[in-house]
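Asks: Numbering (this note's numbering), first residue to last: 3 to 111.
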């Protein structure tokens, strides 16, 4: 953790394979939603624990004056959101952790 300009920031070590997957255009599949390029998080459209269908917008980010909607590759559930609106992220950063929906998880409360 780093304290900078009155704000605390937590940094996590990057996985080089995750960066390569993001550079190849992959969103990480169900498991991790990765930033396809460096940019600013504009909006987080889901909350942890929320279920979603395939192609549901998860995060909206801006990069090089373009707005990008990062959508779910398949149906699932949000396990964890790892970014906040307004945050600047690097290419390959894990923005959200997603879980696949299985019959066992669909019936869970």
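Glycine included, C-beta positions come from ideal geometry on N, C-alpha and C. Fair warning: this is a prediction, and the values are worked out from it, not measured in the lab.
Could you say if the region 45-57 and the region 70-85 meet the contact criterion of at least three C-beta pairs nearer than 8 Å?
Replies: The region 45-57, when compared against the region 70-85, does touch it at the 8 Å Cβ threshold.
Asks: Please report the straight-line C-alpha distance between residue 103 and residue 4, rounded to a whole angstrom.
Replies: In a straight line, the C-alpha of residue 103 is about 36 Å away from that of residue 4.
Asks: Use the C-beta contact count for residue 63: other C-beta atoms within 10 angstroms, 16 or more gives buried, fewer gives exposed.
Replies: Residue 63 should be labelled buried.
Asks: Give the DSSP-derived three-state secondary structure of residue 85 in the structure shown.
Replies: Residue state, collapsed to three classes: coil.
Asks: What distance in whole Å lies between the Cβ atoms of residue 73 and residue 59, which are believed to be in contact at a cut-off of 8 Å?
Replies: Yes, they are in contact, since the Cβ atoms of residue 59 and residue 73 sit about 5 Å apart, within 8 Å.
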